[in-house]
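To keep things clear, I will list the structure first and then write my remarks on it.
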Amino acid sequence: MAFSLSESVISLYRQIDFDEGEALQLFARYSGSPDHGGYAIGVQKGHPTDNDYIQEYEGLTVFVRPDDQWFVQDMMLDYDEQEDFFSFEFPAVL
Numbered sequence: 001m002a003f004s005l006s007e008s009v010i011s012l013y014r015q016i017d018f019d020e021g022e023a024l025q026l027f028a029r030y031s032g033s034p035d036h037g038g039y040a041i042g043v044q045k046g047h048p049t050d051n052d053y054i055q056e057y058e059g060l061t062v063f064v065r066p067d068d069q070w071f072v073q074d075m076m077l078d079y080d081e082q083e084d085f086f087s088f089e090f091p092a093v094l
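Under the UniProt record's numbering, the first residue of the sequence shown is numbered 1, with each subsequent residue one higher.
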């Protein structure tokens, strides 16, 4: 299981003040309305456990719970700082 974060995403999230033991959690969430529903990537601070998949990026720890790994498998997350816009590639959901 692996996913990729661009340098701009890593730089953005490294600015967050994490408490001891905290890391960046990625998760699948369902969002939208009945007309425009679908899955989206969720991002929050959290505490990884032994069962979680963990990746390190230049001092940024990112983790995914087992139930959400299907969603981020081979995902590529990018961020355009000038446009303040995230872009995603989700091969697992195509």
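Backbone N, C-alpha and C define an ideal beta-carbon position, used for all residues, glycine too.
Under the three-state reduction of DSSP, Ile10 is assigned to helix.
Note on Met75: 16 or more other CB atoms within 10 angstroms of its CB, so buried under the neighbour-count rule. Counting only residues of its own chain and dropping the five nearest sequence neighbours on each side, His47 has a CB closer than 8 angstroms to the CB of Gly21, Glu22 and Ala23. Rounded to the nearest angstrom, the gap between the Cα atoms of Phe3 and Arg29 is 17 angstroms.
Under the three-state reduction of DSSP, Phe71 is assigned to helix.
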